[in-house]
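**Q** Here it is, the structure, as structure tokens.
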């Protein structure tokens, strides 16, 4: 472990970048904008995947796999879709290299040019709906509830580890339904699944809402989202669920015969979360010492550090503590016994703090004599000495408490950082000096939305679900408005 | 379910292709050579993944993720490697599309040309070893035991679903070690893991062996493999484990300081299995009625088909059988209750046979009166009537028996299809009229190996591990030989 994490308060951005690297989560690769997810970071992502995958299956979805490469012409079939993605596509034009004549390596073989260029999927609506055309004939084939875990690519000019990378990992659900009502219900159901996951596993409170037309997914009728707030008061869009209407069904001519044998276009949804969630998880909870992980997603939930001189003492400690490790493991708790010989306890403590392990158990000579251990929790940094008797229950309870406390702390922060603004000056002042979400009236036009963004860098994060209706005046134009929306600067 | 699977005996190739499609495993996509893995097929692959992933973790490996795209120049750093892969690379040359001036769609934007072309990974040794250079400094960083689940791409001219596709899913392990001995031990350990998985989960017996120089992985010192035999007597390479020596460490300058502070190049291995295993699974066991799946990898292990007229009878059957379904599910058995209303029992029977469900339970009016069910096993097609009492134990036992029987049947076939040949005529006759593996003397030269391939299409599948040493003469050249090797026509 290398020391020297910048302080959050001094430079939030540098703190995040260094934390991602020092905690062994990810690093930049030689390919511009593409990251390497390191084993410790990937272990967290795997826990996210497993949890989400079970939630998708519990709601009736199956996984499948569709091609990485998409014929260029497919993109153009849905007008908004191509406008949204064409500007950031990695394009495959050839299928072979050959040796350079000057012996300097390999060059593209001009004879191996593709008839039609292929793009690396930025999202898979087009290739999936072109497939659904053959899978759907009758109402009996519906609903079709499919999810895919995959890598996608969007050629971003400015990238940051996890938050915005050219290649990222994600899941994308793509469903087809017989009725509009069913498709909307699915869109909202998956939004609830994402919110449940964010709050109850990641410990990150979210606002559920709908995007403005300007921020909608390219090709959707409506985009629902969950918006989280980071510790610097900026917003992070953590997941989106799109009601696609019949847009892709029409673009790819996907029809079904209903019970009366009438041909109708199918209704669609798509929804996704990505390795961006890793960024949200890191920024929502971590501190100047390193990561703070919620127990439900921590690859190592408990670390045991023996404090010893010589083999005999280590063995005496191990004899006491190993049965407890085993018992915890039997209960599904992941426990690491850190007996690395070349490192001092203080170094190990700092290392596991950096890595965000929720519970640390230390046992030394005095503990051995007293039948005790010292337990430190990562979130509050509280340390207490406990009798070995009943230690398993203590640890289980602590893990639950930490999970709850992490969420509560983030919720408190979030709730004290949603502020109403009634004038544009107030709005700018809040943005500048407090941050967070600003709840303000807006006249409903894209023009005003973009003007506010240009002047303040704040965007409309969402119109919250079940939003209170209230007469008011747009903070920028003064035009009449019927509800407040949430603005924020965002990742 | 559509009927009309071709008979295996008439046209093995057509039988396989139709089976893959009719059993809803996979289909061709609009992108040449790239497949869509359908939900039922993907569910089998997921079971394979979960099982293998646990085996990798139990042997100390962690997962990570490396970039999809590889700078063209990386390929050239290892001379054999570039020769092996350059001819089948998908090449990304641009990063943006723009609207065509004639409004016909999108075209590649010539201004968005990459300085250096990127290739879609055909395998990840180069990008991973370029990363390992930064991860490895000291002997304390070793061994580095990493695996990646990913998609890869090799631009194949002739493709077949699962067996050879341009894009496929796989896992690739990449490990680094301080000593040659350790790296070889790792290579062999992973070969054993693959053999264990093939035999004890897929029910497919394999020969473990080493490849000839000619069939070696591009960049390896030695390639170990497991070779399976399909029901048409052809071989299928089901997994490979490569000892890379210091080849990639030298190509990417990866050195570590040993305990004496001396700088040494690292020793490497890589090993992989892919969605090709799906092809092996299908071809090893299935019959003219459809798939035969080993219980350990079947997404649905037991299907219950009620035979009823009207709602009352269905309810009476459900009342008897649902508690049994629940009890089995509690024990980890996946059970489907097929009460689809619009389909006749005979159709359902055929459908689940096609899908390879190991155990089918049927219950009708007479069973209801007698407190019995009819159980059919997919592998032997035996049907028997059982009392409901003790039915859970009966089903569990049956699943074990089926797993064992499937393996035994494949093993018997395999063992009766390994035949010795001592002359080239005998060799050709066996290949033509019996198939399977032919055990024959070979003079050890690539020239002879290629000549035999040219004349017979048979290749050397492997030199079995712990091969018996025996004086003999090469079947083709008559030159002296010290051991027999296994030849076969292969997928």
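Chains as they are written, first to last, in my numbering: chain G, 13 to 503; chain F, 13 to 503.
Virtual Cβ for every residue (Gly too), placed ideally from N, Cα, C.
Counting only Cβ pairs nearer than 9 Å, list the residues of chain G close to residue 446 (chain F).
**A** Those within 9 Å of residue 446 (chain F) in chain G number zero; the least Cβ separation is about 38 Å.
**Q** Got a sec: is the Cβ-Cβ distance from residue 497 (chain G) to anything in chain F below 8 Å?
**A** Chain F contact via Cβ: absent.
**Q** For residue 92 (chain F), I'd like the list of residues in its chain whose CB is within less than 6 Å of its CB, leaving aside the five on either flank, ordered along the chain.
**A** Around residue 92 (chain F): 230 and 231.
**Q** Go through its chain and collect everything with a Cβ distance to residue 461 (chain F)'s Cβ below 8 Å, but skip five positions before and after it.
**A** Hits under 8 Å: 224, 226, 454, 471 and 472.
**Q** Return the residues of the segment 301-329 of chain G that lie within a Cβ-Cβ distance of less than 7 Å from chain F, sorted by chain order.
**A** The residues in question: there are none.
**Q** Name the chain F residues that come within less than 8 Å of residue 179 (chain G), Cβ to Cβ?
**A** Near residue 179 (chain G) (Cβ distances below 8 Å), the residues of chain F are 79, 80 and 81.
**Q** Using three-state DSSP, classify residue 3 (chain F) as helix, strand or coil.
**A** Residue 3 (chain F) lies beyond the range of chain F shown here (13 to 503); nothing can be said about it.
**Q** Report all residues from its chain with a CB closer than 7 Å to the CB of residue 426 (chain G); omit the five preceding and five following residues, and keep chain order.
**A** These residues qualify, in order along the chain: 217 and 241.
**Q** Which chain F residues are close to residue 471 (chain G), counting only those with a beta carbon under 8 Å from its beta carbon?
**A** In chain order: nothing, as chain F lies at least about 24 Å away.
**Q** Using a C-beta cutoff of 8 Å, does residue 286 (chain F) count as contacting chain G?
**A** Taking Cβ atoms only, chain G never reaches closer than 8 Å to residue 286 (chain F), which makes this a no.
**Q** Which same chain residues, not among the five before or five after residue 128 (chain G), have their C-beta less than 8 Å away from its C-beta?
**A** The residues are 83, 84 and 85.
**Q** Mind checking residue 76 (chain F): buried by the 16 CB within 10 Å criterion, or exposed?
**A** The residue in question, residue 76 (chain F), is buried, as its Cβ has 16 or more Cβ neighbours within 10 Å.
**Q** How about residue 55 (chain G): is its C-beta nearer than 8 Å to some C-beta of chain F?
**A** Answer yes: the Cβ-Cβ gap between residue 55 (chain G) and chain F drops below 8 Å somewhere.
**Q** Would you call the CB atoms of residue 338 (chain G) and residue 350 (chain G) closer than 8 Å?
**A** Going by C-beta atoms, residue 338 (chain G) is not nearer than 8 Å to residue 350 (chain G).
**Q** Please state whether the Cβ-Cβ distance between residue 239 (chain F) and residue 221 (chain F) is less than 8 Å.
**A** Cβ atoms of residue 239 (chain F) and residue 221 (chain F): closer than 8 Å.
**Q** Does DSSP put residue 269 (chain G) in a helix, a strand or coil?
**A** In this structure, residue 269 (chain G) counts as strand in the three-state DSSP scheme.
**Q** At 8 Å on the CB atoms, spell out the chain F contacts of residue 107 (chain G), in chain order.
**A** By Cβ distance, chain F contributes 100, 101, 102, 103 and 167.
**Q** Would you check if the distance between the CB atom of residue 37 (chain G) and the CB atom of residue 50 (chain G) is smaller than 8 Å?
**A** Against a cut-off of 8 Å, the Cβ pair of residue 50 (chain G) and residue 37 (chain G) comes out as a contact.
**Q** Express the C-alpha separation of residue 451 (chain F) and residue 131 (chain F) in angstroms, rounding to a whole number.
**A** The alpha-carbon atoms of residue 131 (chain F) and residue 451 (chain F) are separated by roughly 40 Å.
**Q** I believe residue 267 (chain G) touches residue 275 (chain G) by the beta-carbon criterion, under 8 Å. Please report the beta-carbon distance rounded to the nearest angstrom.
**A** Confirmed, Cβ separation roughly 5 Å.
**Q** What does DSSP give as the partner residues of residue 373 (chain G) in its beta bridges?
**A** DSSP, once it has assigned bridges, lists G:316 and G:387 as partnering residue 373 (chain G).
**Q** Please name the residue in G:296, G:156, G:384 and G:368 whose C-alpha comes closest to that of residue 393 (chain G).
**A** Here the closest residue by C-alpha is G:368.
**Q** Alpha carbon to alpha carbon, how far is residue 437 (chain G) from residue 247 (chain G)?
**A** One C-alpha to the other measures close to 21 Å.
**Q** Could you work out which residues of chain G lie near residue 402 (chain F), taking near to mean beta carbons separated by less than 7 Å?
**A** Within chain G, no residue comes near residue 402 (chain F); the closest Cβ sits about 30 Å away, beyond 7 Å.
**Q** Between the alpha carbons of residue 19 (chain F) and residue 34 (chain F), how many angstroms are there, rounded?
**A** Whole-angstrom Cα-Cα distance: 14 Å.
**Q** Buried or exposed for residue 90 (chain G), please, with buried defined as at least 16 other CB atoms from any protein chain shown within 10 angstroms of its CB.
**A** The residue in question, residue 90 (chain G), is buried, as its Cβ has 16 or more Cβ neighbours within 10 Å.
**Q** I need the straight-line Cα distance from residue 357 (chain G) to residue 334 (chain G), nearest angstrom please.
**A** C-alpha separation (whole angstroms): 18 Å.
**Q** If we define contact as Cβ-Cβ less than 8 Å, is residue 122 (chain G) a contact residue for chain F?
**A** Chain F contact via Cβ: absent.
**Q** With a Cβ-Cβ cutoff of 8 Å, do residue 154 (chain G) and residue 148 (chain G) count as a contact?
**A** Yes, these two residues count as a Cβ contact at 8 Å.
**Q** Measuring CA to CA, which of F:116, F:213 and F:165 is closest to residue 59 (chain F)?
**A** Out of F:116, F:213 and F:165, F:213 has the C-alpha closest to the C-alpha of residue 59 (chain F).
**Q** Considering only the beta carbon of each residue, do residue 295 (chain G) and residue 249 (chain G) sit closer than 8 Å?
**A** Contact flag unset, no.
**Q** Pull up the distance between the alpha-carbon of residue 379 (chain G) and that of residue 410 (chain G), whole angstroms please.
**A** Using only the alpha carbons, I get a separation of about 20 Å.
**Q** Determine whether the Cβ of residue 134 (chain F) lies closer than 8 Å to any Cβ atom of chain G.
**A** Not an interface residue.
**Q** Where do the N-terminal and C-terminal ends of the alpha helix (DSSP H) with residue 491 (chain F) fall, by residue?
**A** It is not in any alpha helix (DSSP H) - residue 491 (chain F) carries neither H nor E in the DSSP assignment.
**Q** How would you label residue 179 (chain F), buried or exposed, when you count the other beta carbons within 10 angstroms and need 16 or more for buried?
**A** Per the 10 Å Cβ criterion, buried.
**Q** Going by Cα to Cα distance, which pick from G:374, G:97 and G:137 is closest to residue 120 (chain F)?
**A** Here the closest residue by C-alpha is G:97.
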